[in-house]
Structure formats: C-alpha cells, structure tokens
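Numbering (UniProt numbering), first residue to last: 1 to 64.
Beta carbons: idealized from backbone N, C-alpha and C, even for Gly.
Nothing here was measured: the structure is a model prediction, and the numbers come from that model.
One structure below.
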Amino acid sequence: MHVHPSKSLRPTQAAEFLGIAVSTLWRFHKERPDFPRSRKIGPRCTVFDQMELLKWCDSLITKS
Numbered sequence: 001m002h003v004h005p006s007k008s009l010r011p012t013q014a015a016e017f018l019g020i021a022v023s024t025l026w027r028f029h030k031e032r033p034d035f036p037r038s039r040k041i042g043p044r045c046t047v048f049d050q051m052e053l054l055k056w057c058d059s060l061i062t063k064s
C-alpha cells in the first residue's frame with residue numbers, strides 16, 4: 001500500500017484503497033461511527049483523507 005501524507009481521495013479512490021466497493025464505502029460511512037468522515041471540498045466533490053483511512057484499517061487489525 002503506497003501512502004502519501006494528507007492525500008485526499010475521491011470515494012472511488014478511497015474504496016479502491018480499502019479494497020471494497022463504493023457502495024460498501026458509503027454504507028460504512030453511514031453505519032459505522034468509527035469510520036473516517038468525508039469532507040466536501042466543493043458542491044460536487046467529496047473526499048476522504050488517506051491517512052485517516054489507513055489509521056482506521058490499522059485499528060481494525062489491532063482489535064482482532
């Protein structure tokens with residue numbers, strides 16, 4: 001996994017980064033309080049922070 005500091009990922013890129021479908025990304029966003037929040041950077045542009053996604057993945061591994 002190649003990570004850039006503070007890189008913003010569009011939902012399609014974020015889903016690919018996590019290895020999940022875009023619909024699953026949005027379901028996690030809606031249903032999981034621990035899932036990283038998205039932010040709007042324009043009227044039609046939503047992004048996720050790559051480092052927050054990576055930290056979330058790491059937290060899942062440490063819970064196991």
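Alpha carbons only, please: which of the options is nearest the one belonging to residue i?
{"i": "residue 35", "options": "24, 16 and 7", "result": "24"}
{"i": "residue 14", "options": "56, 33, 43 and 31", "result": "56"}
Excluding the 5 residues flanking residue i on each side, which residues of the same chain have their C-beta closer than 6 Å to its C-beta?
{"i": "residue 52", "result": "36"}
What are the partner residues of residue i, as DSSP defines its beta bridges?
{"i": "residue 39", "result": "47"}
{"i": "residue 8", "result": "49"}
For residue i, which three-state DSSP category applies?
{"i": "residue 61", "result": "helix"}
{"i": "residue 14", "result": "helix"}
{"i": "residue 27", "result": "helix"}
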